[in-house]
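The next block holds one structure in the form of structure tokens; read it before the comments.
Protein chains: 2
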Amino acid sequence: MHTVLGSASTKVVIGDDQPFCVIGERINPTGRKKFQEQLRAGDLSQIEADVAAQVEGGAHVLDVNMGVPLADEVDLLSRAVRLAQSLTDLPLCIDSSVVEALDAGLAVYQGKALVNSVTAEDERLDAILPLVKRYGAAVIALPNDEDEIPMSADRRLELTDKIIDTAAGVHGIPIEDIVIDPLAMPIGADTSVVGVTLETISKIRAAYGVNMTLGASNVSFGMPGRHTIGAAFLAMAAKCGLTSAIMDARSPQIVEAVRAADLLLGNDAWGANWIAAHRAKQAAG
Amino acid sequence: MHTVLGSASTKVVIGDDQPFCVIGERINPTGRKKFQEQLRAGDLSQIEADVAAQVEGGAHVLDVNMGVPLADEVDLLSRAVRLAQSLTDLPLCIDSSVVEALDAGLAVYQGKALVNSVTAEDERLDAILPLVKRYGAAVIALPNDEDEIPMSADRRLELTDKIIDTAAGVHGIPIEDIVIDPLAMPIGADTSVVGVTLETISKIRAAYGVNMTLGASNVSFGMPGRHTIGAAFLAMAAKCGLTSAIMDARSPQIVEAVRAADLLLGNDAWGANWIAAHRAKQAAG
Chain A
23 MHTVLGSAST KVVIGDDQPF CVIGERINPT GRKKFQEQLR AGDLSQIEAD VAAQVEGGAH
83 VLDVNMGVPL ADEVDLLSRA VRLAQSLTDL PLCIDSSVVE ALDAGLAVYQ GKALVNSVTA
143 EDERLDAILP LVKRYGAAVI ALPNDEDEIP MSADRRLELT DKIIDTAAGV HGIPIEDIVI
203 DPLAMPIGAD TSVVGVTLET ISKIRAAYGV NMTLGASNVS FGMPGRHTIG AAFLAMAAKC
263 GLTSAIMDAR SPQIVEAVRA ADLLLGNDAW GANWIAAHRA KQAAG
Chain B
23 MHTVLGSAST KVVIGDDQPF CVIGERINPT GRKKFQEQLR AGDLSQIEAD VAAQVEGGAH
83 VLDVNMGVPL ADEVDLLSRA VRLAQSLTDL PLCIDSSVVE ALDAGLAVYQ GKALVNSVTA
143 EDERLDAILP LVKRYGAAVI ALPNDEDEIP MSADRRLELT DKIIDTAAGV HGIPIEDIVI
203 DPLAMPIGAD TSVVGVTLET ISKIRAAYGV NMTLGASNVS FGMPGRHTIG AAFLAMAAKC
263 GLTSAIMDAR SPQIVEAVRA ADLLLGNDAW GANWIAAHRA KQAAG
């Protein structure tokens, strides 16, 4: 199944027969105090460096999140989307928990965006899916509801079922534009959580064949050696059927792990991409 | 299922609830011209450095192979086993295609060795399994027969079935002492081969629950960026059910990938090993 995203000029295809889709997570003020202060002052200039670093690192899509306390997220997200689109041809993932901010970002976006995100909560489905449909976007959907995040793969599957029924059946969003987030949680909190995520990925892949993405950095949160954990996790997750991740595109170790996964899973014919990337790295010294 | 190997003083357990077992591949003259010349001259002194480097790198078991053209492999293997056991408490994997050499190595070995390897060929089964039984060793078995290496997982499973029937049923070798090699081949030759290996691992795990090991370096043979490919491959393979690999224990990237896999698959309680290894690395500078 192919999820096709686009900017004004560039298309990106997410699919299990495609190279793993790297969604750069960096245009996000969470945990970045200086960037937060800049955004509160209306200064978006940091985005230029963040776009450049992620394009350089090999991102296919850039996530744009402007969630800053005490700031006008609607205005910021609209401006950030326009700015990012002036800086790169890569498609964007418009990321907010505020429905009005998603609407504002989608309104100015040129092309077919990915919306991040909706949950299986009725209120969120009712508010966000009509936007996704109106703008012809694709959407990331998280299988959690009003209760806590479900800690069994089977419950995540039930909620995925609800999401697909509602998005496709009620709102008429094509199933290929529904990207499920199987929910990645910190291994440091409980060493069984990654097993549940991988089982969820395998089961969603078998049951629906839809594309999936997740926040890969969550897995290594609080642990030392984060990039090594992220690299091993993404290789495993790609093998189970994950087709994309929101991840640190500036980390060569993590990006190279998903490129190696492409090679190993037969999504890099003749190893051409792998070999070309190696030559480029050597040429760069 | 637990495969327990031992030296005179140390036990190593291979199992799906255990840390992934790293079998160091370095005590092997293949592709090492200088080492070959030394061995032909009866000089085994290089083994000292090879043992030290692999112990330092985190190997749990050391493979010992003395396959040198125009040399007396029976004598060399017997001497190499004794020398290696004088240098380390780690159990050994006694590696030869020559039955008499395996016999000589097992005869001098103190503890419970791993024999590398037998195939599903009748002649090999008949020659090697009685040795394994007599010395109370464990054995690596490759599911290929007189024909070419089978390129379907199902055929590898049929041959695994034959091996287990013969080793356990005819020769009385406990099933936990049969370690299947699901056959890793170079991705550079054909990008579908790793998919077959991973499918074989998943199916053998589901059908028999036996331990498995393979020559991990084969996968990246001839490609650039070998350690990155090896790291991603081993993470995937561990997720599918591989419990050990014969691998380059001197490569931090590959060894750290299997330690990350332990953490992610719930075989490193509280992340204690991961965190301790990180602290040791920091302390070492």
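Taken in order, these protein sequences are the chains called A and B. Under my numbering, the first residue of the first sequence carries the number 23, and numbering increases by one thereafter. Under my numbering, the first residue of the second sequence carries the number 23, and numbering increases by one thereafter. Ideal Cβ positions, reconstructed from N, Cα and C, are used throughout, including at glycine.
Check	Outcome
Measuring alpha carbon to alpha carbon, tell me which residue in A/S29, A/L151, A/T32 and A/F42 is nearest A/C262.	A/F42
Is the beta carbon of A/P51 closer than 9 Å to that of A/G89?	yes
Name the one or two DSSP bridge partners that B/G28 has.	B/K33 and B/K134
Rounded to a whole number of angstroms, what is the C-alpha to C-alpha distance between B/V35 and B/L136?	12 Å
Please list, in chain order, all residues of the same chain as B/E198 whose beta carbon is under 7 Å from its beta carbon, the five residues on each side excluded.	M23, H24 and T25
Give a yes or no on contact between the segment 262–277 of chain A and the segment 92–102 of chain B, applying the rule of three or more CB pairs nearer than 8 Å.	no
For A/D72, tell me which candidate among A/A294, A/A306, A/D270 and A/L286 has the shortest Cα-Cα distance.	A/D270
Decide if B/L114 is buried, meaning its Cβ has at least 16 other Cβ atoms within 10 Å, or exposed.	buried
Report the three-state DSSP secondary structure of B/G237 (helix, strand or coil).	strand
Can you find the residues in the same chain that come closer than 6 Å, C-beta to C-beta, to B/L164, ignoring five residues on each side of it along the sequence?	S139, T141 and D203
May I have the straight-line CA-CA distance separating B/P196 from B/Q76, to the nearest angstrom?	29 Å
How about A/P204: is its C-beta nearer than 9 Å to some C-beta of chain B?	no
Bridge partners for B/C115 per DSSP, in chain order?	B/D85 and B/L136
Buried or exposed: where does B/W296 fall if 16 or more other Cβ atoms within 10 Å of its Cβ makes it buried?	buried
B/A291 and A/M258 - do their beta-carbons sit closer together than 9 Å?	no
Could you tell me if A/T222 is buried or exposed, where buried requires 16 or more neighbouring beta carbons within 10 angstroms of its beta carbon?	buried
Taking only the alpha-carbon atoms, compute the straight-line gap between B/Q60 and A/V83 and give it to the nearest angstrom.	55 Å
Can the beta-carbon of A/A102 be found less than 9 Å from the beta-carbon of A/R62?	no
Name the DSSP bridge partner or partners of B/S266?	B/C43
Can you find a C-beta in chain B that's less than 9 Å from the C-beta of A/M173?	no
A/I297 touches chain B at which residues, Cβ-Cβ below 7 Å?	P246
Could you tell me whether any Cβ in chain B is nearer than 9 Å to the Cβ of A/M269?	no
For the alpha helix (DSSP H) that contains A/I150, what are its first and last residues?	D144 to R156
Hey, would you say A/V192 sits closer than 9 Å to A/L153, going by beta carbons?	no
Along chain B, in chain order, which residues have C-beta atoms closer than 8 Å to that of A/A283?	A254 and M258
Using a Cβ-Cβ distance under 9 Å, would B/C43 count as near chain D?	Absent from the structure is chain D; the protein chains it does hold are A and B.
Please specify which runs of the alpha helix (DSSP H), each continuous and at least 4 residues long, are wholly inside the segment 269–299 of chain A, giving them in chain order.	274–286
Over the uninterrupted beta strand (DSSP E) stretch that includes A/A160, give me the two end residues.	A160 to L164
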